[in-house]
Amino acid sequence: MIVELGIIAAKALLVLFMVLNLAGVMGWVERKGSALIQDRIGANRASVLGFAGLGLVNTLIADPIKFLTKEDFIPPSGDRLLHTLAPCLALFPALVTFAVIPFGDVLVVGGREINLQVANINVGILYIFAMASLSVYGIVIGAWASNNKFSLLGGVRGAAQMISYEIAMGLSVMGILMVYGTLELQQIVRSQGQLLWGWLPAWGVFLQPVALLLFSAAAVAETKRIPFDLPEGESEIVAGFHTEYSGGKFLMFFTGEFAEMVTSAGLIATLYFGGWQVPYLLRDGFHFPWGGTWLLPQLAVVLLQVGAFTLKVVFFCWLFVLLRWTLPRFRYDQVMRLGWKMLLPLALLNVMVTGVVIVALQGGR
Amino acid sequence: MTAPVLLFFVLAALSVVFSLAVVFQRNPVHSAMALVVTLFLVAILFLTLDAPMVGILQILVYAGAIMVLFLFVIMLLNPEALERRRALWWGLGSIAGLLLVFEFADFLSDIPRQAAQGAAVGEGFGGPEQLAQSLFHDFVLPFEVASVLLLVAIVGAVVLAKREG
Numbered sequence: 244m245i246v247e248l249g250i251i252a253a254k255a256l257l258v259l260f261m262v263l264n265l266a267g268v269m270g271w272v273e274r275k276g277s278a279l280i281q282d283r284i285g286a287n288r289a290s291v292l293g294f295a296g297l298g299l300v301n302t303l304i305a306d307p308i309k310f311l312t313k314e315d316f317i318p319p320s321g322d323r324l325l326h327t328l329a330p331c332l333a334l335f336p337a338l339v340t341f342a343v344i345p346f347g348d349v350l351v352v353g354g355r356e357i358n359l360q361v362a363n364i365n366v367g368i369l370y371i372f373a374m375a376s377l378s379v380y381g382i383v384i385g386a387w388a389s390n391n392k393f394s395l396l397g398g399v400r401g402a403a404q405m406i407s408y409e410i411a412m413g414l415s416v417m418g419i420l421m422v423y424g425t426l427e428l429q430q431i432v433r434s435q436g437q438l439l440w441g442w443l444p445a446w447g448v449f450l451q452p453v454a455l456l457l458f459s460a461a462a463v464a465e466t467k468r469i470p471f472d473l474p475e476g477e478s479e480i481v482a483g484f485h486t487e488y489s490g491g492k493f494l495m496f497f498t499g500e501f502a503e504m505v506t507s508a509g510l511i512a513t514l515y516f517g518g519w520q521v522p523y524l525l526r527d528g529f530h531f532p533w534g535g536t537w538l539l540p541q542l543a544v545v546l547l548q549v550g551a552f553t554l555k556v557v558f559f560c561w562l563f564v565l566l567r568w569t570l571p572r573f574r575y576d577q578v579m580r581l582g583w584k585m586l587l588p589l590a591l592l593n594v595m596v597t598g599v600v601i602v603a604l605q606g607g608r
Numbered sequence: 004m005t006a007p008v009l010l011f012f013v014l015a016a017l018s019v020v021f022s023l024a025v026v027f028q029r030n031p032v033h034s035a036m037a038l039v040v041t042l043f044l045v046a047i048l049f050l051t052l053d054a055p056m057v058g059i060l061q062i063l064v065y066a067g068a069i070m071v072l073f074l075f076v077i078m079l080l081n082p083e084a085l086e087r088r089r090a091l092w093w094g095l096g097s098i099a100g101l102l103l104v105f106e107f108a109d110f111l112s113d114i115p116r117q118a119a120q121g122a123a124v125g126e127g128f129g130g131p132e133q134l135a136q137s138l139f140h141d142f143v144l145p146f147e148v149a150s151v152l153l154l155v156a157i158v159g160a161v162v163l164a165k166r167e168g
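This is the structure we're talking about:
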């Protein structure tokens, strides 16, 4: 009983630290990466004893200290309680969503099987959407509590945008659920270990390529980043929903955005790129389709799996940064048109086609 | 008292407190947020009752979608005009509350008997398969009729909005 509780606590802490640390590192990647893309030098001012560490000192030490020591300003005519609550509401869903994403297969230690996933619930995907739907509150409440017209405009835009893209996002995952026949994420990842025609891993990207594109577009829109940064809209409405936020609370909104990015990357990796699966790696080692086998100890297999999952997540995080600094912004009506008139019908069509193909393959049972 | 029972009482007490806050808060946004917390607590109650599907759907549909629309409307309209006719609302609210109590009287008085009986939870209870079985197999016609009804409501809303503009 004590051991079990300890294992659960250890897993929860591990995932939480991974998400938070990755979110922090993303702050560095965003600043240095954008500099790389735009041929600038980027953050290099702060240093400890002459050591700037490629801007790491600047973004990981100096920036947080600056944020935390700034004045925490609450607008006099705003709502004190909700103004303080909003950043928490923005950070909370981003941090708890990762609980159902598996980061490895089963680890066997001393005869005890540890499922490398914090919470294995049988409605995992619905849990993710439930938490994602809660992330609207941070924006809407923060915007309203600021009692500022720019904030309110940003909040209203944010609510409309996030609700619109949630629908497209949910429907694009429907195809994955139909193909693998389960709502459990660990089960979905296990199913992706099968091979098609004996050599191609049955990853979501091969079975549901259209859904991958729809899901990624909707996921970027849910994180409110360029090209979908209308709730912030720096060139029209100052900073949108967080215009009136400073110091630590602004840092929480900031971290929340990066944590959402990490979670979205984890979801794309889990649903469409095999999660912790390494091609041809089974529980006892590699079994190549062209005949060879390479047996590995269990611990090495688990480490490879966790490593593969982490690499996939980091890759998609980088892709999000690349997207942000490459693409121009959408106009508000374009965002709405893309969501309702393109992504939604395409997602519905994808569900229909998937259904027809599945029934045809089963021989019209 | 066992842990689940203790958990139930904590959750139940909290949801009562927040439901009261929905009614007694003067600020409509505070009321809406209290309602969100109440829905969240009820969802956790469903989780403790071996019905994770219903609990998650409660958050997804009510806390995550419907309440956001409520907030959206409140933020756009900023309703302070309702404040004036408080006596009228007290009267109407009390009548509605009494009607609800009468409606539930049978059900409430039956609780001790049902509790004594106890109910066994079947295999896969409250899971996605069972929900799908009843929605898309046993009650597929009423389900589809309800969706047509919603479609009619949407079309009606669009027509009304277009006429105004």
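Chains as they are written, first to last, in the numbering used here: chain L, 244 to 608; chain F, 4 to 168.
Just so you know, even glycine gets a beta-carbon here, dropped at the ideal spot from N, CA and C.
Distance from the CA of T5 (chain F) to the CA of V379 (chain L), rounded to the nearest whole angstrom, comes to 36 Å. Boundaries of the beta strand (DSSP E) around W537 (chain L): T536 to L538.
The beta carbon of A461 (chain L) does not come within 7 Å of any beta carbon belonging to chain F, so the residue lies off that interface. Partner residues in the beta bridge of V349 (chain L), as assigned by DSSP, are L:N358. Runs of the alpha helix (DSSP H) spanning 4 or more residues and lying entirely within the segment 407-439 of chain L occur at 428-434, in chain order. When rounded, the separation of the alpha-carbon atoms in A118 (chain F) and V432 (chain L) is 41 Å. Between V272 (chain L) and L334 (chain L), the alpha-carbon positions lie close to 20 Å from each other.
Counting the other Cβ atoms within 10 Å of the Cβ of T302 (chain L) gives 16 or more, which makes it buried. In this structure the segment 453-466 of chain L lies against the segment 403-410 of chain L, because at least three pairs of beta carbons, one per stretch, are closer than 8 Å. For W387 (chain L), the residues of chain F that pass the 8 Å Cβ criterion are V32, L74 and M78, in the order they occur in the chain. S415 (chain L) is positioned such that its CB atom lies closer than 7 Å to that of A454 (chain L). In chain order, V366, L369 and A373 make up the part of chain L whose C-beta sits under 9 Å from the C-beta of L60 (chain F).
CA-CA distance, A375 (chain L) to A278 (chain L), rounds to 31 Å. Around the Cβ of M244 (chain L), a 10 Å sphere holds fewer than 16 other Cβ atoms; the residue is exposed. Looking only at L:G276, L:L325 and L:R274, the smallest Cα-Cα distance to K492 (chain L) is reached by L:L325. A straight-line Cα-Cα distance of about 10 Å links G293 (chain L) and V300 (chain L). In the DSSP assignment, H326 (chain L) falls within the unbroken alpha helix (DSSP H) covering R323 to V339. Taking a contact as a CB-CB distance under 8 Å, the pair G270 (chain L) and V564 (chain L) does not count as one, their CB atoms being some 11 Å apart. Taking the CA atoms as reference points, L395 (chain L) sits about 43 Å from F105 (chain F). F393 (chain L) and D472 (chain L) have their C-alpha atoms roughly 14 Å apart.
Around V300 (chain L), no beta-carbon contact reaches into chain F at under 7 Å, the shortest distance being about 40 Å. In the displayed model, F484 (chain L) falls within a helix according to three-state DSSP. Looking only at L:N391, L:F449, L:L426 and L:V399, the smallest Cα-Cα distance to Y370 (chain L) is reached by L:L426. Here the C-alpha atom of Q548 (chain L) lies approximately 6 Å from the C-alpha atom of G347 (chain L). Identification of chain F residues near A402 (chain L) by a Cβ-Cβ cut-off of 9 Å yields V71, L72, L74, F75 and M78, ordered along the chain. The beta carbon of P55 (chain F) sits closer than 7 Å to some beta carbon of chain L. Judged by DSSP in its simplified three-state form, G528 (chain L) adopts strand.
Spatial neighbours of T498 (chain L) in its own chain (CB-CB distance under 7 Å, excluding positions within 5 residues in sequence) are listed in chain order as A266 and L334.
In chain order, G447, Q451 and L514 place their CB closer than 6 Å to the CB of I419 (chain L), counting only its own chain and leaving out the 5 sequence neighbours on each side.
Cβ-Cβ distances below 6 Å link G249 (chain L) to nothing in the same chain once the five nearest sequence neighbours on each side are left out.
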